[in-house]
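To convert, take the position in the sequence shown, counting from 1, and add 5; that gives the working numbering. For glycine and all other residues, C-beta sits at the position ideal for the given N, C-alpha and C.
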Amino acid sequence: MPELIVYRSNALMSVRSRFDATRDVVMPANLAYPEGMVGLWHSGLPQVSLVPSTATDAQVWPVMSAVGTRVHDTSDDNCPINTGWSYVGGNHGYNVGNQIVVTNHGKTTADVGSQWSDGTRIFTLLAVTNANSLLFGNPYTVVDGIAQGARVKPAGPLTHVSGATNRTTVPITGLTPDVQIRPATHSHTVAVELDGRPVPDGRSTGLELVIRESYLIPTYQGMIDTARANVGTPIATIMPRIPSLCRIANVYRWSPGGGLLVTQTVTALTRFTLNAGVTQCAPLTPVTGGSRRQFMPNVGVAGGLNWSTWANIDTLAALTDVTPANLTDRTMPAASMTQWVVSGGSVQQWGIAVGLLPVADGVPTVRARYTTAKSWFISSSLKKNYPQLVWGRTLAAGESVTGTAYRRYLAPPSTATGLVVSAGDDDFVVIERVGTVAQAELAAPELFHRLLVPVGATNLTVPDRVTVAGVPYAVPVSPGYGMWRADPDGAVAQPLPGASLARGGYFLVRSGPTVESTCTGAYQQLLLHPFFLAEPTPVDRACVEVTRVGTGVLRHGVYAHDPATGRPALLGPVADFGAVAVTTVGVKESVLAAPVGLPAGWHWYAQVWQVSGGTAPTVRASGVGCATVLNLGSTAAAMTGDRYGYEVTGVTGALGAITIAGLHRFPPPQVAYRRA
């Protein structure tokens, strides 16, 4: 069964495709869950399930029979946004309501929108939920022009302030705080197509199912103000009158093989602060006596677990944030994970791979600017994985944020996650593997002769182009991982200058005349120099030349370029090459434990004299001079004399996050790399 089978009955759908040689995977979709949203759950298929490929249509639709094995609860996986103080959208409402149970309270719709006080704050009656229950909206505050709801409980009985017909005081003995206020969206639209055609009720087959939806989220301030201005009118009936916070546009794409691609665009309609993750993923359904194991590329220890191996997420004790400090390469925010259910005997049962693609605002250099607080988090209660496209980014009215995430169910046995993920005009290769291997290969015949361009956290060496057999790779040091964009064949007639195309060959970053540069005055001063490469280049050795001996060592490495500032990225280095001795003259070579991918375009070579400041060493330097604009700062004083790059003071050990202290006068060292 190479295609999709789509079953539909009005708003409810199930999507069936091949999982392995003997089983199919069946995934739910719901066009009205809840309040018209698209959700990944319906009552006839409570979980994503595996069924024998021989299972009949009647056994899987409209209700999944006992023939299915439940593998993943996705009932809460449609993704809301977060405003910094509340989740909203998806299947969420603003969580700043207070539900109060008052038997025979006597209030009616005529009282909706009235205001009540606990002696300190004003609460607004938003709904008479039934004869014994009332829903109050909390007060809001405006900070720096942005309204925020307050998660507070009434401190005492609520007495009438204005607007009510029934003015009887409301006791708070039956109070439930932090209740979600619904509805919190309106103007939903949804369209469904299978291979570009409408999907009728019944059974259909095709290669790609696409669901597009959009809706508006009102501002919380607008909800409260509108309710107060329209006493006696339920706000659910006048939602379009409420000022809008943002528009959400989601696109869900199902493809054969258990693949789902989700694209989310958030467009601000008023100024607000956004946290958004495009997709969220509840844990897989475990087997009795088994556990759930998870690996995350480029992530070390966080929350007490080591994610660079197969971490047991069932032992995660608290909500865990993945911050730059938890990353191997701080310039590459956490972007993906692989999770497996294993039996008590550690036998794989079923798996899932989830990640953000490096497109639009998901490009690592963009994400790195907006996820310094966290790039991923895992809740302790549900162990839910939640990648973050942005965290704490303030949008002006009219600004948008867009990201695309993939989800793919995995069949055992599997020693590595190897995927080809297509998103629009781009195809991506994903390889993730725990454990060493001398030689392995990802089959990708559809990408034959495509150019492989590294676009994510990568420590694997692969060919420049996809071979007829696929993508060969090795993992000398566990774990191994990488993401590449497979570009169409656009080879130029001859190699571009600036990078060596011969594996094992050395090349200079700058050619031309040289000078000698002494490190006098540069002890523990990190000197950053802008270098340019025409093509992305993996390197496994870095060389400098000492021409006159000194004391101590020279430590060197590479920092990424931040296009937003024109300066080095501050989070941390792409690579710390380590230290080389300066007590003898000659070429000093740093051998990397694993290759480092230097990006196409600009990067910042960094060098610092450390350990002993007795005698300054002298190094071979380029006589070509600085090759780009340097930002001088707030005054022109720094223009006098030679200026070659930026400096960081007080660097005594390994390279890390930096704070730029100014510009320096040292010419760029002569640097050679060896292509991996």
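Give the range of the beta strand (DSSP E) segment to which residue i is assigned.
i    : result
R252 : S249 to S260
A626 : T623 to S627
V434 : D431 to R438
A373 : Counting along the chain, A373 falls outside any beta strand (DSSP E), though it belongs to the alpha helix (DSSP H) covering P369 to Y375.
Q444 : V442 to L447
D492 : G485 to D492
C548 : T542 to R553
T79  : Taken as a continuous stretch (DSSP letters only), T79 belongs to no beta strand (DSSP E), as it is neither H nor E.
T325 : T325 to V327
R398 : V395 to L400
S348 : Careful: S348 lies outside any beta strand (DSSP E) and carries neither H nor E.
D183 : L180 to I186
Y99  : Y99 to V106
L538 : Q530 to L538
L9   : L9 to S14
L424 : T422 to A428
W90  : Counting along the chain, W90 falls outside any beta strand (DSSP E), and DSSP gives it neither H nor E.
For residue i, count neighbouring Cβ atoms within 10 angstroms of its own Cβ and tell me buried if that reaches 16, exposed if not.
i    : result
R374 : buried
L324 : exposed
S341 : buried
H566 : buried
T525 : exposed
P578 : buried
D123 : buried
L590 : This sequence places Val at residue 590; Leu is not what is there. Classification of V590: exposed, given that the 10 Å Cβ count is below 16.
N35  : buried
E652 : buried
H110 : buried
T59  : exposed
V460 : buried
T466 : buried
L559 : buried
N317 : exposed
N15  : exposed
A454 : The sequence given here places His at residue 454; Ala does not occur at that position. H454 should be labelled exposed.
S48  : exposed
S386 : exposed
Does the beta carbon of residue i come closer than 7 Å to any beta carbon on chain C?
i    : result
H669 : Structure shown: chain C not included; a single protein chain is present.
Less than 8 Å between the CB atoms is what I'm expecting for residue i and residue j, so what's the real figure, rounded?
i    : j    : result
R21  : P57  : Contact flag wrong, Cβ pair sits at about 12 Å.
C251 : T268 : Going by Cβ atoms, the distance from C251 to T268 rounds to 16 Å, so no, they are not a contact pair.
G517 : G360 : Not really, about 42 Å apart at Cβ, beyond 8 Å.
V587 : G557 : 6 Å
T376 : P338 : 5 Å
L45  : N96  : Between N96 and L45 the Cβ distance is about 10 Å, and since that is not below 8 Å, they are no contact.
R13  : G309 : Actually they are not in contact, since the Cβ atoms of R13 and G309 sit about 45 Å apart, beyond 8 Å.
Could you give the residue range of the alpha helix (DSSP H) that holds residue i?
i    : result
Y225 : Y225 to A234
A281 : Counting along the chain, A281 falls outside any alpha helix (DSSP H), though it belongs to the beta strand (DSSP E) covering F277 to A281.
D62  : D62 to V65
Can you give me the Cβ contacts of residue i inside the same chain, cut-off strictly under 8 Å, excluding the 5 residues immediately before and after it?
i    : result
L172 : The identity of residue 172 in the sequence shown is Arg, whereas the question assumes Leu. Closer than 8 Å at the Cβ level, and outside the excluded window around R172, lie H165.
A662 : P329, R335, L575, L576 and G577
M3   : In the structure displayed, the chain extends from 6 to 681; residue 3 sits before or after that span and is not available.
P672 : V520, S522, A626, S627, G628, G630, D647 and Y649
G555 : C524, V587, T588, W614, G619, T620, A621, P622 and T623
V497 : Residue confidence for V497 is low, a pLDDT of 48 falling below 50, so the modelled location carries little weight and cannot support an answer.
Could you check if residue i belongs to the surroundings of the ligand ZN, using beta carbon to heavy atom distance under 6 Å?
i    : result
T146 : For the structure depicted, the ligand ZN is absent and the ligand set is empty, with no information on it obtainable.
Note down, in chain order, each residue of its chain lying with its Cβ closer than 6 Å to the Cβ of residue i, except the 5 sequence neighbours on either side.
i    : result
P288 : R297 and K388
E521 : T552 and T623
D647 : R670
R438 : A421, V480 and G485
M69  : L50 and S54
L140 : G102, Q104, L131, A132 and T134
V527 : Checking the displayed sequence, the identity of residue 527 turns out to be Ala instead of Val. Closer than 6 Å at Cβ, skipping near neighbours: W614.
A677 : Y511, L513 and C548
G440 : S483
R412 : L265 and V359
Going by beta carbon distance, what residues of the same chain come within less than 7 Å of residue i, once the five residues before and after it are set aside?
i    : result
P291 : R297 and V346
V106 : N137, S138 and G179
V592 : C548 and E550
D431 : V364 and R490
E40  : R187, P188 and T190
Would you check if the segment 474-485 and the segment 438-449 touch, i.e. whether three or more CB-CB distances between them fall below 8 Å?
yes
Within the chosen definition, does the segment 59-70 reach the segment 255-265 through at least 3 CB pairs nearer than 8 Å?
no
Touching by the beta-carbon criterion (3+ pairs, under 8 Å), the segment 273-290 and the segment 388-403:
yes
Touching or not, the segment 101-119 and the segment 145-164, by the rule of three or more beta carbon pairs under 8 Å?
yes
Check whether the segment 184-201 touches the segment 209-228, taking contact to mean three or more Cβ pairs, one atom from each stretch, closer than 8 Å.
yes
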